[in-house]
Amino acid sequence: MTGYGKAVLELPEKKVTIEVRSLNSKTLDLNTRIPSFYREKELEVRNIISEKIQRGKVDFMMMVELNPAARTQKLNAELIKSYIADFKKITPDVTEADLLPVVMRMPDVMNYSQDDLSTEEWNAIRETILEAVNALNTYRQDEGKVLEKELISYVEKILHNLTLVEPFEGERIETIKDRFNKKLEDAKADIDQNRYEQELIYFFEKLDITEEKVRLKNNCEYFIKEIHEAGSNGKKLGFISQEIGREINTLGSKSNHSEMQKIVVQMKDELEKIKEQSLNIL
Numbered sequence: 001m002t003g004y005g006k007a008v009l010e011l012p013e014k015k016v017t018i019e020v021r022s023l024n025s026k027t028l029d030l031n032t033r034i035p036s037f038y039r040e041k042e043l044e045v046r047n048i049i050s051e052k053i054q055r056g057k058v059d060f061m062m063m064v065e066l067n068p069a070a071r072t073q074k075l076n077a078e079l080i081k082s083y084i085a086d087f088k089k090i091t092p093d094v095t096e097a098d099l100l101p102v103v104m105r106m107p108d109v110m111n112y113s114q115d116d117l118s119t120e121e122w123n124a125i126r127e128t129i130l131e132a133v134n135a136l137n138t139y140r141q142d143e144g145k146v147l148e149k150e151l152i153s154y155v156e157k158i159l160h161n162l163t164l165v166e167p168f169e170g171e172r173i174e175t176i177k178d179r180f181n182k183k184l185e186d187a188k189a190d191i192d193q194n195r196y197e198q199e200l201i202y203f204f205e206k207l208d209i210t211e212e213k214v215r216l217k218n219n220c221e222y223f224i225k226e227i228h229e230a231g232s233n234g235k236k237l238g239f240i241s242q243e244i245g246r247e248i249n250t251l252g253s254k255s256n257h258s259e260m261q262k263i264v265v266q267m268k269d270e271l272e273k274i275k276e277q278s279l280n281i282l
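Listed below in structure tokens is the structure:
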């Protein structure tokens, strides 16, 4: 959703510069800065932007520089007289002729007026707005291609780490079994061997991670598939990353093995990168 677009319109009487910036947001959060002369068109500007931009915190700025020839100047006689009267109260000995150069530098002594907004001028400005918005979207698309590669690399690292878990699966079962047997020997307890085997089987079934591995692999592949789909899918990718997180957490809770837990931590690190970057996808 992060992007920037700019377009400039050169008219005989003025120069109009349009800038559009966007950042992450769950919805379209639009802020506009429009000169008072074009304020009547603000609703139309908002409609133009909302049709082209679905989500993001968007700042729209229209800046206008008038050429001197386009300005109709008129002296504000009443204000000039008021300034002179105020100065005379402070310095009564100074003549009005001496005060005039100072007064002419005071605010608002000159009134500037423009002709009414014509249809031709607004149509040209409207096209410039579209040009700036399209430039913003092009920027976002280019950034999205870079982001797509990064996200895929993070998911592929999770899949790679998943393969590293396999060598420790059988080892951890034997380790747990040896630990139980040692504790029973130390306790010198008389046990029913059949019941003991049944309890071990039940316990190891609870520690089995086959389903979690399959679901994690499927969710990762689903994420990669969705990132290649056309259209807005940022929210969907966010939901899939949540499912990936659930399977990784379950793997960690069932691992009971220090090396497997280290691998799970690496998976979580990649997942955090995915979640952070997914926020910037439409």
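Numbering (the UniProt record's numbering), first residue to last: 1 to 282. Cβ atoms here follow ideal geometry from the backbone N, Cα and C, with glycine treated the same way.
Fill in: CB of V264 within 8 Å of CB of S255, strictly
yes
Worksheet item: Would DSSP call R21 helix, strand or coil?
Response: strand
Practice prompt. Consult DSSP for R105 and reduce its assignment to one of helix, strand or coil.
Written response: coil
Item to complete: Following the continuous alpha helix (DSSP H) through residue 285, name the residue where it begins and the one where it ends.
Response: Nothing about residue 285 can be reported from this structure: the residues present for the chain run from 1 to 282 only.
Worksheet item: Roughly how many whole angstroms lie between the Cα atoms of F37 and M63?
Response: 11 Å
Fill in: L238, enclosing alpha helix (DSSP H) - first and last residue
Here residue 238 turns out to be Gly, not Leu, going by the sequence shown. That run of the alpha helix (DSSP H) goes 234 to 255.
Worksheet item: Tell me, which residues are paired with D116 by DSSP?
Response: DSSP lists no partner for D116.
Discussion item. Just verifying my parser: in three-state terms, what is the DSSP assignment at N31?
Written reply: Of the three classes helix, strand and coil, the one that applies to N31 here is strand, per DSSP.
Worksheet item: If you count every other CB in all the chains shown that lies within 10 Å of the CB of E42, and 16 or more means buried, which is it?
Response: So E42 counts as exposed.
Item to complete: Give me the Cα-Cα distance between L159 and V20, rounded to the nearest whole angstrom.
Response: C-alpha separation (whole angstroms): 39 Å.
Practice prompt. Can you give me the Cβ contacts of K57 inside the same chain, cut-off strictly under 6 Å, excluding the 5 residues immediately before and after it?
Written response: L23, S25, D29
Worksheet item: Under a Cβ-count criterion, where at least 16 other Cβ atoms within 10 Å of its own Cβ denotes burial, should I90 be classed as buried or exposed?
Response: exposed
Discussion item. Looking only at its chain, what residues have a beta carbon closer than 7 Å to the beta carbon of N280, apart from the 5 residues adjacent to it on each side?
Written reply: The residues M1, T2, N24, L147, in chain order, have a CB closer than 7 Å to that of N280 in the same chain once the five nearest residues on each side in sequence are set aside.
Fill in: Nearest to V16 (by Cα), restricted to the options A230, K273, N31, N123
N123
Practice prompt. Please go through the same chain and pick out, in chain order, the residues whose beta-carbon is closer than 7 Å to the beta-carbon of Q277, but skip the five residues on each side of it.
Written response: Taken in chain order, the residues that qualify are L147, E150, L151.
Worksheet item: In three-state terms, what does DSSP make of D208?
Response: coil
Practice prompt. Determine the direct distance from the alpha carbon of V165 to that of N134, and round the result to whole angstroms.
Written response: 47 Å
Worksheet item: How many angstroms separate the CA atom of K213 from the CA atom of A230?
Response: Spanning the alpha carbons of K213 and A230 requires a straight line of approximately 28 Å.
Worksheet item: Going straight from the alpha carbon of E221 to that of E120, what length do you get?
Response: Distance between the alpha carbons of E221 and E120: 53 Å.
Practice prompt. Using beta-carbon positions only, say whether V155 and I53 come within less than 8 Å of one another.
Written response: no
Worksheet item: Can you tell me where the beta strand (DSSP E) with K6 in it begins and where it stops?
Response: 3 to 10
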